[in-house]
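Heads up: the structure comes next, in structure tokens.
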Amino acid sequence: MINFQYVRASSIADAVSLLADSPTAKFVAGGTNLIDLMKMDVEQPSKLIDISRLELDKVEDAAEGGLRIGALVRNSDLAYHPAVEARYPVLSSAIRAGASQQLRNMASTGGNLLQRTRCAYFYDTALPCNKRTPGSGCGARQGHNRMHAILGTSDACIATHPSDMCVALLLLEAKVHVTGPNGARTIPLDEFHRLPGDMPQRDTNLDPGEIIIAVEVPRAGFASNYTYLKIRDRLSYAFALISVAAGLELADGRIKTARLALGGVAHKPWRDPRAEAALTGQAAEETAFRQAADILLRDARGFGDNDFKIELARRAIVRALTQAARGTPQSQSNKKIA
Amino acid sequence: MQQRSQPAHGAGSASSTVSVNLTVNGTRHSLSLDPRTSLLDLLREHLDLTGSKKGCDHGQCGACTVLLDGRRVVSCLTLAVMQDGASVTTVEGLAKDGHLHPLQQAFIDHDAFQCGYCTPGQICSGVALIAEGHAKTADEIRELMSGNICRCGAYTNIVAAIQQAMGQS
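As they're listed, the protein sequences go chains A and B.
Note that the first sequence covers residues 0 to 337 in numbering that gives the first Met the number 0.
Note that the second sequence covers residues 0 to 168 in numbering that gives the first Met the number 0.
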């Protein structure tokens, strides 16, 4: 790890000002991803601006029945927050499916959004990676790509976004409140993370100098008919091969509203309005679920090692929608798939 | 959030050391450290508390688990300077007045370790798991202990030890 200067921000304005003064500085909150990347020399900030003591650690009711989650709320506190467990159980479930309790005790809400891919080529500074070193090439495309993306890839990058929490936040149509040198703004979560295109070094549409203040979820929580189904190489404490968050509103066995978000498949949490529209008005049965999966995966492509993920995603979507329709969400402790 | 020392700028230039005040197992320490020092390295290299183990040093194995202001964390992935003012409990701080912590005794009773390298992290993690109160069944214990890897595979007995200690608390 290269050396760096350490400073502690005393307020949000102070944090923004400190970053404006040092464009090569980075904010640190939980540190679970950044410190690791610094040990690997993937990240080499000149300065660490510690924002972990700012008072952004509240979970509060928001306008119109929503919930506002401070950027520094720890993942474990959020997962077990009574309002989240009762009103947004898909969010609670997704958080519990990620990392370990130790890491969830450290990791912040904002940091979860900003975590980097776990692509091995990104982590190894001896290997090419357009995300880490733009223009150096993508080692994964013709390399070991079992964990990699099947949707929204580009010639430059086939990495996935590793978060579970963000998949549930996308399903819930969360908004990200940020502020920066040019003032405050709100970014829908779907527009927060980017596809790689020819600039895979940019994970998000956060502007340089901006800081995440809070994440807000609107009222609709799909608390009756939801699931978070995560498929991985071991039953706990592993990144997703495929994960599916599903939320349904049902009326007389028919689907009034459908939400479907996938993790482990793309450079961002993945949602497809066409797949959801195809479910609307249909009987909540396997035929409709299969159609939705086919639509969502219509442009999916594999890169060799990860070809299996397309069929795995298809089956996981059908299974997740079945779990949601039956009101039998996947348990995150008893791993038998319901 | 825990009340700690007032926010302050002041680590100086990149080559300088930073001052860190920490309470570890009830004893207060004032140290001057390279800002790169992880909490784990502070414990092992500066305070000679070598119970917490450095397994992977990347937050993947759990051998460095300690209680930070009462919550279990992996001490390899936080900088000591970030924890200025905090209170840390390591495996060395669990026994009281010459008596083992009930979970330490349970690990002996159930032979819940083989090589022992992961044990300090397992025990700290298990103590926190019991305090958190989220795990009731063996499945839930296994899930909430999944951040602690045991390469010898003593998991069955680790779960049994935690169940015993849970019954006593």
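Think of the CB as a built atom: it goes at the ideal place given N, C-alpha and C, for glycine as much as any other residue.
Quick caveat: nothing in here was measured; it's all calculated off a predicted structure.
| query | result |
| --- | --- |
| Does any C-beta atom of chain A lie closer than 8 Å to the C-beta of residue 142 (chain B)? | yes |
| With a Cβ-Cβ cutoff of 8 Å, do residue 53 (chain A) and residue 66 (chain A) count as a contact? | no |
| Could you check the C-alpha separation between residue 94 (chain B) and residue 33 (chain B) for me, to the nearest Å? | 31 Å |
| Rounded to whole angstroms, how far is the Cβ of residue 195 (chain A) from the Cβ of residue 152 (chain A), which I believe are closer than 8 Å? | 7 Å |
| Taking 8 Å as the cut-off, does the segment 65-84 of chain B touch the segment 34-41 of chain B (at least 3 CB pairs, one atom from each stretch)? | yes |
| Say whether chain A places a C-beta atom closer than 8 Å to the C-beta of residue 21 (chain B). | no |
| Answer with yes or no whether the minimum CB distance from residue 34 (chain A) to chain B is below 8 Å. | yes |
| Span of the beta strand (DSSP E) holding residue 32 (chain B)? | 26-32 |
| Relative to the C-alpha of residue 203 (chain A), which residue among A:144, A:111, A:273 is closest? | A:111 |
| Taking buried to mean at least 16 other C-beta atoms within 10 Å of its own C-beta, is residue 326 (chain A) buried or exposed? | exposed |
| For residue 30 (chain B), decide whether its Cβ has a neighbour in chain A, counting only Cβ atoms nearer than 8 Å. | no |
| By how many angstroms is the C-alpha of residue 87 (chain B) removed from the C-alpha of residue 152 (chain B)? | 28 Å |
| Less than 8 Å between the C-beta atoms of residue 317 (chain A) and residue 292 (chain A), yes or no? | yes |
| Going straight from the alpha carbon of residue 42 (chain A) to that of residue 248 (chain A), what length do you get? | 43 Å |
| Would you check if the distance between the CB atom of residue 100 (chain B) and the CB atom of residue 75 (chain B) is smaller than 8 Å? | no |
| Would you say residue 214 (chain A) and residue 168 (chain A) are within 8 Å of each other, going by their C-beta atoms? | yes |
| Count the other CB atoms, across all protein chains shown, that sit within 10 Å of the CB of residue 209 (chain A); report buried if there are 16 or more and exposed otherwise. | buried |
| Below 8 Å on the Cβ atoms is my contact criterion, and I expect residue 288 (chain A) with residue 320 (chain A) to pass it. Report the Cβ-Cβ distance as a whole number of Å. | 4 Å |
| For residue 146 (chain A), decide whether its Cβ has a neighbour in chain B, counting only Cβ atoms nearer than 8 Å. | no |
| What is the C-beta distance between residue 48 (chain A) and residue 77 (chain A), in whole angstroms, given that I count them as a contact (C-beta under 8 Å)? | Rounded, the Cβ-Cβ distance is 23 Å, inconsistent with contact. |
| Between residue 225 (chain A) and the ligand FAD, is the CB less than 7 Å from at least one heavy atom? | The ligand content of the structure shown is nil, which means the ligand FAD is not present either. |
| Check whether the Cβ atoms of residue 84 (chain B) and residue 20 (chain B) sit closer than 8 Å, and answer yes or no. | yes |
| Spatial neighbours of residue 36 (chain B) within its chain, please: C-beta separation below 6 Å, excluding the five flanking residues on both sides. | 79 |
| Expressed to the nearest angstrom, what Euclidean distance is found between the alpha-carbon atoms of residue 146 (chain B) and residue 72 (chain B)? | 10 Å |
| Leaving out the 5 sequence neighbours to the left and right, which residues in its chain are closer than 8 Å to residue 111 (chain B) when beta-carbon positions are compared? | 105, 118, 121, 153, 156, 157, 159, 160 |
| From which residue to which residue does the beta strand (DSSP E) around residue 48 (chain A) run? | 46-49 |
| Does the beta carbon of residue 139 (chain B) sit closer than 8 Å to a beta carbon anywhere in chain A? | yes |
| Tell me residue 121 (chain A)'s beta-bridge partners as DSSP assigns them. | Answer is none; residue 121 (chain A) lacks a bridge partner. |
| Does residue 19 (chain A) have its Cβ less than 8 Å from a Cβ in chain B? | no |
| Taking 8 Å as the CB-CB limit, is residue 81 (chain B) close to chain A? | yes |
| Taking Cβ to Cβ, would you say residue 220 (chain A) is nearer than 8 Å to residue 86 (chain A)? | yes |
| Answer yes or no: does any C-beta atom of chain A fall closer than 8 Å to that of residue 133 (chain B)? | yes |
| Mapping DSSP to helix, strand and coil, what is residue 262 (chain A)? | strand |
| Would residue 229 (chain A) count as contacting chain B if we go by Cβ distances under 8 Å? | no |
| Return the first residue and the last residue of the alpha helix (DSSP H) that residue 35 (chain A) is part of. | 33-38 |
| If residue 148 (chain A) and residue 224 (chain A) are in contact, beta carbons under 8 Å, what's the gap, nearest whole angstrom? | That pair is no contact at about 28 Å. |
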